[in-house]
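Protein chains in written order, with our numbering: chain B, 47 to 261; chain F, 47 to 261; chain P, 47 to 261; chain A, 47 to 261. Note that the Cβ used here is the ideal one computed from N, Cα and C, for glycine as well. Because the structure is a prediction, the values reported are computed rather than measured. Just below is one structure, and these are the notes that go with it.
Protein chains: 4
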Amino acid sequence: MAGPNGSLSEDPGKRQAILEQSIRCFAELGFRGTDVQQIADRAGVGKGTVYRYFHSKEDLFWATTLDVFWRLEKVTNEAQERVEGACAKIRAAALAYAEFFESNPLCLEVFIQERAEFRGDAPELHREYHKKLIARFEQVLQDGIASGELRSVDTYKTVHAIGSLLYGTVVFGGHLTELSPIEMAKHNIDTFLRGIRSKESLAAETEFVTGSREQ
Amino acid sequence: MAGPNGSLSEDPGKRQAILEQSIRCFAELGFRGTDVQQIADRAGVGKGTVYRYFHSKEDLFWATTLDVFWRLEKVTNEAQERVEGACAKIRAAALAYAEFFESNPLCLEVFIQERAEFRGDAPELHREYHKKLIARFEQVLQDGIASGELRSVDTYKTVHAIGSLLYGTVVFGGHLTELSPIEMAKHNIDTFLRGIRSKESLAAETEFVTGSREQ
Amino acid sequence: MAGPNGSLSEDPGKRQAILEQSIRCFAELGFRGTDVQQIADRAGVGKGTVYRYFHSKEDLFWATTLDVFWRLEKVTNEAQERVEGACAKIRAAALAYAEFFESNPLCLEVFIQERAEFRGDAPELHREYHKKLIARFEQVLQDGIASGELRSVDTYKTVHAIGSLLYGTVVFGGHLTELSPIEMAKHNIDTFLRGIRSKESLAAETEFVTGSREQ
Amino acid sequence: MAGPNGSLSEDPGKRQAILEQSIRCFAELGFRGTDVQQIADRAGVGKGTVYRYFHSKEDLFWATTLDVFWRLEKVTNEAQERVEGACAKIRAAALAYAEFFESNPLCLEVFIQERAEFRGDAPELHREYHKKLIARFEQVLQDGIASGELRSVDTYKTVHAIGSLLYGTVVFGGHLTELSPIEMAKHNIDTFLRGIRSKESLAAETEFVTGSREQ
DNA sequence: AATGAATGAGTCTTCATTCAT
DNA sequence: AATGAATGAAGACTCATTCAT
Numbered sequence: 047m048a049g050p051n052g053s054l055s056e057d058p059g060k061r062q063a064i065l066e067q068s069i070r071c072f073a074e075l076g077f078r079g080t081d082v083q084q085i086a087d088r089a090g091v092g093k094g095t096v097y098r099y100f101h102s103k104e105d106l107f108w109a110t111t112l113d114v115f116w117r118l119e120k121v122t123n124e125a126q127e128r129v130e131g132a133c134a135k136i137r138a139a140a141l142a143y144a145e146f147f148e149s150n151p152l153c154l155e156v157f158i159q160e161r162a163e164f165r166g167d168a169p170e171l172h173r174e175y176h177k178k179l180i181a182r183f184e185q186v187l188q189d190g191i192a193s194g195e196l197r198s199v200d201t202y203k204t205v206h207a208i209g210s211l212l213y214g215t216v217v218f219g220g221h222l223t224e225l226s227p228i229e230m231a232k233h234n235i236d237t238f239l240r241g242i243r244s245k246e247s248l249a250a251e252t253e254f255v256t257g258s259r260e261q
Numbered sequence: 047m048a049g050p051n052g053s054l055s056e057d058p059g060k061r062q063a064i065l066e067q068s069i070r071c072f073a074e075l076g077f078r079g080t081d082v083q084q085i086a087d088r089a090g091v092g093k094g095t096v097y098r099y100f101h102s103k104e105d106l107f108w109a110t111t112l113d114v115f116w117r118l119e120k121v122t123n124e125a126q127e128r129v130e131g132a133c134a135k136i137r138a139a140a141l142a143y144a145e146f147f148e149s150n151p152l153c154l155e156v157f158i159q160e161r162a163e164f165r166g167d168a169p170e171l172h173r174e175y176h177k178k179l180i181a182r183f184e185q186v187l188q189d190g191i192a193s194g195e196l197r198s199v200d201t202y203k204t205v206h207a208i209g210s211l212l213y214g215t216v217v218f219g220g221h222l223t224e225l226s227p228i229e230m231a232k233h234n235i236d237t238f239l240r241g242i243r244s245k246e247s248l249a250a251e252t253e254f255v256t257g258s259r260e261q
Numbered sequence: 047m048a049g050p051n052g053s054l055s056e057d058p059g060k061r062q063a064i065l066e067q068s069i070r071c072f073a074e075l076g077f078r079g080t081d082v083q084q085i086a087d088r089a090g091v092g093k094g095t096v097y098r099y100f101h102s103k104e105d106l107f108w109a110t111t112l113d114v115f116w117r118l119e120k121v122t123n124e125a126q127e128r129v130e131g132a133c134a135k136i137r138a139a140a141l142a143y144a145e146f147f148e149s150n151p152l153c154l155e156v157f158i159q160e161r162a163e164f165r166g167d168a169p170e171l172h173r174e175y176h177k178k179l180i181a182r183f184e185q186v187l188q189d190g191i192a193s194g195e196l197r198s199v200d201t202y203k204t205v206h207a208i209g210s211l212l213y214g215t216v217v218f219g220g221h222l223t224e225l226s227p228i229e230m231a232k233h234n235i236d237t238f239l240r241g242i243r244s245k246e247s248l249a250a251e252t253e254f255v256t257g258s259r260e261q
Numbered sequence: 047m048a049g050p051n052g053s054l055s056e057d058p059g060k061r062q063a064i065l066e067q068s069i070r071c072f073a074e075l076g077f078r079g080t081d082v083q084q085i086a087d088r089a090g091v092g093k094g095t096v097y098r099y100f101h102s103k104e105d106l107f108w109a110t111t112l113d114v115f116w117r118l119e120k121v122t123n124e125a126q127e128r129v130e131g132a133c134a135k136i137r138a139a140a141l142a143y144a145e146f147f148e149s150n151p152l153c154l155e156v157f158i159q160e161r162a163e164f165r166g167d168a169p170e171l172h173r174e175y176h177k178k179l180i181a182r183f184e185q186v187l188q189d190g191i192a193s194g195e196l197r198s199v200d201t202y203k204t205v206h207a208i209g210s211l212l213y214g215t216v217v218f219g220g221h222l223t224e225l226s227p228i229e230m231a232k233h234n235i236d237t238f239l240r241g242i243r244s245k246e247s248l249a250a251e252t253e254f255v256t257g258s259r260e261q
């Protein structure tokens with residue numbers, strides 16, 4: 047299995063070159079704004095070659111986003127593995143997430159383009175990868191609860207809360223504030239871990255303390 | 047004040063009709079994917095009329111996002127005014143935010159398109175409105191701190207943290223989970239208010255309790 | 047007869063205002079490049095009014111060129127009348143012609159536009175006026191021949207030769223040389239009157255002297 | 047040197063076909079009146095191909111006028127080379143000029159369009175070619191003066207006078223008279239060479255004979 | 001396998017003309 | 001009579017995709 051094109055013999059270097067320039071173009075110009083010719087030019091190959099490696103512009107886009115996803119997953123996983131404890135792992139992953147996008151702003155744009163252009167219509171393959179990432183994080187939370195480090199939260203919801211917070215932080219926070227995504231992410235994840243209510247307030251309203259979600 | 051076209055006499059109904067169909071089209075097809083002809087057709091006017099009311103497709107887009115922003119601002123403000131106390135106001139606004147986008151999913155798409163297509167290049171007017179919204183929220187936090195309901199957080203950062211969380215929740219959470227944006231938002235904002243750490247954990251690590259942000 | 051629109055009551059001042067701005071617009075932007083709205087704006091009337099006074103953009107253009115023609119005819123006629131003798135009249139008319147276009151470069155552009163946009167498809171009315179002008183000039187030449195001031199040239203051809211020379215001078219000469227149209231016209235008409243051959247050359251080749259046109 | 051598109055490999059036949067149909071379309075419909083689609087259709091290529099060979103409609107137009115200019119230059123140069131003597135060369139070139147436009151009336155229209163649409167805004171390249179043509183003609187006049195065939199005229203002005211006369215003849219004369227451009231040109235150039243004043247008149251007014259140009 | 005020339009459907013925008021007020 | 005809002009046909013230019021070399 048050499049790639050999406052089955053038995054075709056491919057040059058991995060060429061494939062990677064195309065992918066790298068795709069990130070640049072899609073990030074800078076958007077999916078619709080990108081001319082496949084430009085990707086070919088920047089990658090130093092003919093336009094026909096781009097179509098040989100990726101069947102269509104859309105396929106190329108999905109391959110691009112998947113590539114970015116993998117890189118993101120890698121850095122967050124590695125960050126987690128370097129520390130112990132649920133909070134530490136969450137913080138480390140959050141930091142790595144923000145650092146990745148701050149170091150690779152083009153990757154952020156690609157993510158945003160994906161959501162904007164294709165809503166939730168990602169290929170099944172992409173969803174699979176996403177679910178795996180979620181599951182991995184849920185385990186971290188579960189471990190934290192088991193060890194008494196975290197209170198007994200709904201891990202499914204909380205993973206998504208953290209994901210939402212981080213996504214919002216890099217997308218929304220990063221460009222509307224004068225603070226760097228990393229600074230914002232640090233602050234946000236810590237605040238998320240601790241909450242913003244005062245001790246007195248928490249002590250007074252026990253129903254909140256239990257983290258119940260009914261209304 | 048007749049609109050962006052100065053002294054031109056305009057039919058407000060027609061303007062509104064164009065704007066409404068713009069939301070639909072931009073949301074369903076994206077900015078680039080939308081043909082102005084389609085907006086005109088759906089609004090029941092000639093294409094030339096669209097260009098009379100809005101000078102270009104881009105202007106129309108900005109008018110559309112501003113319209114959505116106003117509606118969003120209105121519901122969150124009204125929600126805040128109906129309750130007392132910082133936490134209650136924050137929760138109410140967050141709920142209203144999520145409810146708005148759940149009831150008007152097209153508006154959410156428009157927001158996403160804005161970010162995707164134009165990065166941070168919103169017109170000055172839009173930035174102004176944004177700043178006002180932020181300032182209003184900061185005051186709520188400030189009041190909460192003054193009254194002892196909230197601990198002494200950095201209001202600027204925290205407002206953005208909440209904004210990021212909510213944005214992430216409706217954009218990211220809403221489409222990757224099987225939970226509704228409203229459910230997610232409720233959970234996330236409560237979690238954010240309370241934090242996810244256990245009492246024991248908090249008691250043990252006092253430096254976190256103070257909300258310090260150093261690394 | 048109030049104008050091309052028969053019995054309609056018209057305001058001559060308004061009509062003239064439209065005509066004047068038409069010259070400016072057609073000259074600066076060309077026939078196709080001119081937006082009727084701009085003429086209306088500059089003339090301080092509504093676009094509908096332009097169409098009331100002139101039935102179409104093309105009609106307005108013809109009215110504009112006719113207006114220019116009349117002004118040109120007027121100055122050349124008056125120049126002729128101020129002097130006596132064929133050569134003097136020809137020179138005076140030529141000078142007036144060049145002066146007119148140098149003082150009113152917009153009028154020149156209108157003439158050029160007419161030729162470019164409509165080839166020889168001028169309305170009959172325009173042709174009539176043209177013929178009258180030609181006839182008038184032929185008479186001047188005829189008188190010059192009768193008085194012995196001019197040799198016995200073909201007046202029809204020669205009138206057109208002069209017309210061609212002057213037209214070419216203001217159109218071609220005026221914009222390709224660093225000399226003013228007036229200077230060029232003076233030089234050209236004098237050269238045309240005298241010829242460029244040396245006396246000796248003329249004396250030697252008598253067949254040329256007779257101005258025969260056979261070949 | 048492949049053309050204006052640098053290293054693009056081009057089919058000269060296709061390029062020529064487009065150019066030929068451009069002449070037809072621009073001549074028949076004017077620059078603004080021509081739809082590039084029509085040129086493509088007539089040339090039997092896709093519209094995209096037209097834009098591959100010429101970057102824009104305007105570029106195509108300039109390439110068209112330059113093509114015409116070269117053809118005109120070629121016939122006039124060849125005509126001059128076939129004869130000896132200044133008068134003969136001038137007559138030959140004038141005849142060739144008129145013959146060219148009579149045989150290729152579309153080329154004339156293209157020249158007229160150029161002047162009408164772009165005033166003097168021709169690309170530098172075009173101006174260069176023009177200057178070369180002028181210089182060549184000036185040399186002919188200079189030689190004629192040196193040999194005693196012509197009187198001592200200002201060669202710069204006189205070249206432009208001849209150019210103006212010929213331009214006027216084919217543009218103005220050709221369409222306002224029932225005579226052919228060739229007939230008109232023959233007559234006009236001979237008249238220009240000889241002048242139209244009688245011998246007696248010339249003998250009487252010596253100041254004219256010297257060709258002085260002051261008023 | 002690699003290329004890039006060719007294509008034509010698709011899109012934004014303009015503007016002459018009409019007609020209701 | 002005067003206006004200018006509304007219209008939609010028209011036209012320049014782009015670009016994803018194909019396919020002959």
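Checklist entry - Looking only at C-alpha atoms, which of B:G94, B:E119, B:G194 sits nearest to G131 of chain B? => result Of the listed residues, the one whose Cα sits closest to G131 of chain B is B:G194.
Checklist entry - Does the distance from the C-beta atom of R182 of chain B to that of C153 of chain B stay below 9 Å? => result no
Next on the checklist: Here's the rule: buried if 16 or more other CB atoms are within 10 angstroms of the residue's CB, otherwise exposed. What is Q83 of chain A?
Outcome noted: exposed
Next on the checklist: Would the segment 189 to 203 of chain A count as touching the segment 195 to 210 of chain P if we require 3 or more Cβ pairs under 8 Å?
Outcome noted: no
Next on the checklist: Assuming R240 of chain P is part of the alpha helix (DSSP H), what are its boundary residues?
Outcome noted: DSSP places R240 of chain P inside the alpha helix (DSSP H), whose first and last residues are 227 to 240.
Checklist entry - Which residues of chain P have a Cβ atom closer than 8 Å to the Cβ of R207 of chain A, listed in chain order? => result The sequence shown places Ala at residue 207 of chain A, rather than the Arg named in the question. Under a criterion of Cβ atoms nearer than 8 Å, the residues of chain P adjacent to A207 of chain A are, in order, L211, T215, G219, M230, H233, N234, T237, F238.
Item to check | Closest residue to A134 of chain P among P:G92, P:V114, P:L187 (Cα-Cα distance) | outcome: P:L187
Item to check | Proximity test, Cβ basis, 9 Å: S244 of chain B and chain F | outcome: yes
Item to check | Anticipated Cβ contact below 8 Å, G214 of chain P with L212 of chain A, distance rounded | outcome: 7 Å
Item to check | Any chain B beta carbon closer than 9 Å to K93 of chain F | outcome: no
Checklist entry - Under a three-way DSSP split, which group does R243 of chain F fall into? => result Three-state result, R243 of chain F: strand.
Checklist entry - By the 10 Å Cβ neighbour count, where 16 or more other Cβ atoms means buried, how is I196 of chain A classified, buried or exposed? => result Checking the sequence shown, residue 196 of chain A turns out to be Leu, not Ile. Its Cβ being crowded by 16 or more others within 10 Å, L196 of chain A is buried.
Checklist entry - Quick one: what does DSSP say E66 of chain A is sitting in, helix, strand or coil? => result helix
Next on the checklist: Using CA atoms only, rank isn't needed, just tell me which of F:P58, F:D236, F:A249, F:R243 is closest to I136 of chain F.
Outcome noted: Ranking F:P58, F:D236, F:A249, F:R243 by Cα distance to I136 of chain F puts F:D236 first.
Checklist entry - When burial is assigned at 16 or more other CB atoms within 10 Å of the CB, is G241 of chain F buried or exposed? => result buried
Checklist entry - Grouping DSSP H, G and I as helix and E and B as strand, with all else coil, what is G49 of chain P? => result Note on G49 of chain P: pLDDT 45, under 50, position unreliable in the model; no value is reported.
Checklist entry - With burial defined as no fewer than 16 other Cβ atoms inside 10 Å of the residue's Cβ, what is the status of P58 of chain P: buried or exposed? => result exposed
Checklist entry - Does the distance from the CB of L106 of chain A to the CB of I158 of chain A come in under 9 Å? => result no
Next on the checklist: Which residues does DSSP list as the beta-bridge partners of L187 of chain B?
Outcome noted: The partner list for L187 of chain B (beta bridge, DSSP) is empty, contrary to what the question assumes.
Next on the checklist: Going by C-alpha to C-alpha distance, which of F:F115, F:Q126, F:D189 sits closest to L171 of chain F?
Outcome noted: F:F115
Checklist entry - With a cut-off of 9 Å, does the C-beta of G241 of chain F fall near any C-beta of chain B? => result yes
Next on the checklist: Which of the three DSSP states is assigned to F6 of chain F in this structure?
Outcome noted: Within the shown structure, residues of chain F are numbered from 47 to 261, placing residue 6 of chain F beyond reach of any answer.
Item to check | Cβ-based neighbour list, C71 of chain F, same chain, cut-off 6 Å, excluding 5 preceding and 5 following | outcome: T80, Q84, I85
Checklist entry - How is T252 of chain F classed by DSSP in three states: helix, strand or coil? => result Unreliable positioning characterises T252 of chain F in this predicted model, as indicated by a pLDDT of 47, which lies under 50. The coordinate reading is nonetheless provided below. In the structure shown, T252 of chain F sits in a helix (DSSP, three-state: H, G or I).
Item to check | Neighbour-count burial assignment, A138 of chain A, 16 or more Cβ in a 10 Å radius | outcome: Buried is the call here.
Checklist entry - Can you list, in chain order, the residues of its chain whose CB lies under 6 Å from that of A231 of chain B, leaving out five sequence neighbours each side? => result These residues qualify, in order along the chain: A140, A144, T215.
Checklist entry - DSSP on P58 of chain P, reduced to helix/strand/coil? => result DSSP places P58 of chain P in helix when its eight states are reduced to three.
Checklist entry - Relative to the alpha-carbon of F218 of chain B, which residue among F:G166, F:I191, F:G190, F:I228 has its alpha-carbon at the smallest distance? => result F:G166
Next on the checklist: Between G194 of chain P and chain A, is the shortest Cβ-Cβ distance under 9 Å, so that the two count as touching?
Outcome noted: yes
Checklist entry - What is the C-beta distance between K60 of chain B and T95 of chain B, in whole angstroms, given that I count them as a contact (C-beta under 8 Å)? => result K60 of chain B to T95 of chain B, Cβ: 7 Å. Contact.
Next on the checklist: Within a Cβ cutoff of 6 Å, which residues of the same chain sit near F254 of chain B, ignoring the five residues on either side of it in sequence?
Outcome noted: Low local confidence applies: a pLDDT of 41 at F254 of chain B is under 50, so the model's placement there is unreliable, with the coordinate-based value given in what follows. Within the same chain, F254 of chain B has no close Cβ partners at all.
Checklist entry - Taking DSSP as the reference, what is the three-state secondary structure of S210 of chain B? => result helix
Next on the checklist: Am I right that F100 of chain A and E163 of chain A are in contact with their C-beta atoms under 8 Å? What's the rounded C-beta distance?
Outcome noted: F100 of chain A to E163 of chain A, Cβ: 16 Å. No contact.
Checklist entry - How many angstroms separate the CA atom of T252 of chain B from the CA atom of L239 of chain F? => result In this prediction, T252 of chain B scores a pLDDT of 47, lower than 50, which makes its location untrustworthy; the coordinate-derived value is nonetheless stated afterwards. Straight-line Cα distance between these residues: approximately 13 Å.
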